[in-house]
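Counting from 1, position 218 in the sequence shown corresponds to residue 220 in the numbering used here; the numbering is continuous, with no gaps. The beta-carbon is built from N, C-alpha and C at its ideal position, and this holds for glycine as well. Just so it is clear, the structure is predicted and the values come from calculations on it, not from any experiment. Reviewing the structure listed below.
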Amino acid sequence: MSDLPGASNASTLSRRALFQGAGTAAFAAALGLPVPFARFLPEGIIPLALAQDGLDGKEGLTILGDRPLNAETPVHLLDENITSAAHMFVRNNGLPPSLTDEAVANWTLSIDGEVERPLSLSLDDLRNDFQQVTLQLQIECGGNGRKFMTPAARGNQWTFGAVSCAEWTGVRLGDVLNRAGLKRSAVYTGHYGADLHLSGDPEKRAISRGVPVEKAMEPHTIIAHALNGADIPLLNGHPLRLIAPGWPGSCSQKWLTRITLRDREHDGEKMTGQSYRVPKNPVAPGTEVADADMKIIESMPVKSIITAPQTGVRVTAGDIFEARGHAWAGDNEVAAMDVSIDFGATWTRATLTRPVNRYAWQHWRAELSLPQHGYYEIWARASDDEGRMQPATQPGWNPRGYLNNLMHRIAVFAL
Ligand SMILES: Nc1nc2c(c(=O)[nH]1)N[C@H]1C(S)=C(S)[C@@H](COP(=O)(O)O)O[C@H]1N2
Ligand SMILES: [Mo]
């Protein structure tokens, strides 16, 4: 069902077992050892020996769950200016499609709904008939940081690593929509992908989200067929995915097969109810909020990470060392980056680059030194161009734990 390409070794077998929930016999086969207490292993718990073994084409990711498969990137592995495919997090709501060469060769993207001329485009059509663009675009899961919400919110307990900024190549969604001709009635998109609902029921959708037409027509919203100059990894949406940068990652449909133009807000799977929505007005932590009092998340908030040094590092007191990382701000630009070595009592301005293109990560660096032997933390916080700054603790609590842009901290020991 969700077989991965290149199935030839034991580790791939283990992954296949994980995907298919094939159970403990497959775990034992993959480990090459009996698992005497396998009958007690709770469902959904992956033997560590296999979890460490990782995922095809991925390196060092922390697996949060296997059905659906979700894996985040330890922050120090995000140190690259352009996230490599191996370090790109994975967020699945369902089961990735099984892709044969034939399925990829015959891939079509349909554009329908409120358009003058419905289109059916092959990968070659997209490559040959439209201007190709290459952009560095950040994608952050709406639930990144959920782990730090109090009271806790249900869902994947992402820490800081459900974010990436890679170099994507593809075509502007706006160019494709202009080719189809938007009717005046078109106000929202609805996205569909080839993955399966967790139940395996082909009638059900894992996720189908959309964006207002203004966001769809924005020149950085693209249909991508390549990542860092190569095919997109299967787990990140091969052979075609949407990227609506700066908005919750869920707007960036993977394994893209169809975009339908709607004459109203899209109401696909995970567009309604409490999914990817936050209270219209702030609520006290723990409050239950009626669906009618929730609004769809659009731009993600200002945020940053410290990618070096790695938390727990040992440095020599008095020596100068570099701290660095990245910052981003949804639809906005990051205007300033500050770091502190004294638990936020004083702050030093870091050097911050401009984005190479809108929606690209901005990179920051600061030279630091610690006055004497002891325990320190580096705290880092970004401010956007409208004066909004990352909070030291959780921002507005919301029922599903979205948009947690609290600042990142690392531990440092001075010898
Ligand atoms: N078809 C499809 N597209 C999807 C998803 C999915 O489950 N199925 N997950 C979404 C969510 S919630 C996020 S955060 C991003 C994650 O992208 P990545 O897995 O490539 O990092 O993909 C989005 N696109
Ligand atoms: Mo997400």
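Which whole-angstrom value is the C-beta distance of residue i and residue j, which I expect to be below 8 Å?
i      : j      : result
Gln140 : Tyr361 : 6 Å
Arg211 : Ser166 : Their Cβ separation, rounded to whole angstroms, is 18 Å, which puts Arg211 and Ser166 out of contact at 8 Å.
Glu116 : Leu184 : 7 Å
Leu433 : Leu137 : The shown model of the chain, from 3 to 417, leaves out residue 433, and the question about it has no answer.
Pro70  : Leu97  : 7 Å
Ala352 : Val341 : 5 Å
Glu142 : Met302 : 5 Å
Arg424 : Ala164 : Residue coverage of the chain in this structure runs from 3 to 417, which leaves residue 424 outside it and unanswerable.
Pro204 : Trp109 : With a Cβ gap of about 18 Å, Pro204 and Trp109 do not count as contacting.
Leu63  : Thr309 : In fact, because the Cβ distance is near 15 Å, the residues do not count as touching under 8 Å.
Arg2   : Val304 : The shown model of the chain, from 3 to 417, leaves out residue 2, and the question about it has no answer.
Pro284 : Gly398 : 5 Å
Classify residue i as helix, strand or coil using the three-state DSSP reduction.
i      : result
Glu104 : helix
Leu15  : Residue confidence for Leu15 is low, a pLDDT of 38 falling below 50, so the modelled location carries little weight; the figure read from the coordinates is stated next. Of the three classes helix, strand and coil, the one that applies to Leu15 here is helix, per DSSP.
Leu236 : helix
Val173 : strand
Met219 : helix
Cys143 : coil
Ala88  : helix
Leu408 : coil
Val178 : helix
Ala294 : helix
Phe345 : coil
Asp333 : coil
Lys149 : helix
Arg356 : coil
Let's test the definition: count the other Cβ atoms within 10 Å of the Cβ of residue i and tell me whether it reaches 16, buried, or not, exposed.
i      : result
Asn130 : exposed
Ile299 : buried
Thr262 : buried
Gly23  : Low confidence applies to Gly23: its pLDDT is 43, below 50, so where it sits in the model is not reliable enough to give any reading.
His375 : exposed
Glu61  : exposed
Met409 : buried
Arg356 : exposed
Glu169 : buried
Leu66  : buried
Phe162 : buried
Leu35  : exposed
Val383 : The amino acid occupying residue 383 in the given sequence is Arg; Val does not appear at that position. Counting Cβ neighbours within 10 Å, Arg383 comes out buried, since at least 16 surround it.
Gly248 : buried
Gln133 : exposed
His326 : Rather than His, the amino acid found at residue 326 in this sequence is Arg. Under this definition Arg326 is a buried residue.
Asn230 : buried
Asp419 : Not covered by the structure: residue 419. The range shown for the chain is 3 to 417.
Asp197 : buried
Excluding sequence positions up to five away, which residues of its chain have a Cβ less than 6 Å from the Cβ of residue i?
i      : result
Arg1   : Any property of residue 1 remains undetermined from this structure, which presents the chain solely from 3 to 417.
Ala319 : Leu372, Gln374, His375 and Ala416
Ala228 : Thr171
Glu271 : Arg207, Ile209 and Ser210
Pro250 : Gly144, Tyr278 and Ile299
Asn1   : Residue 1 lies beyond the residue range present for the chain, which begins at 3 and ends at 417; the question has no answer from this structure.
For residue i, which residues from the same chain have a beta carbon less than 7 Å from its beta carbon, with the 5 sequence-adjacent residues on both sides left out?
i      : result
Asn400 : Val280 and Pro281
Asp321 : Ser371
Gly403 : Gly145, Arg148, Met151, Ala155 and Gly157
Pro221 : Arg174 and Gly176
Glu369 : Ile322 and Glu324
His193 : Ser210, Arg211, Gly212, Leu244, Gln255, Leu258 and Ile261
Given 7 Å as the limit, tell me if residue i has its C-beta closer than that to any heavy atom belonging to ligand 3.
i      : result
Trp170 : Looking at this structure, you won't find ligand 3 anywhere; what it does contain is ligand 1 and ligand 2.
Below 7 Å from a heavy atom of ligand 2 - residues by beta-carbon: Arg93, Cys143, Gly144, Gly145, Ala164, Pro250, Gly251 and Ser252
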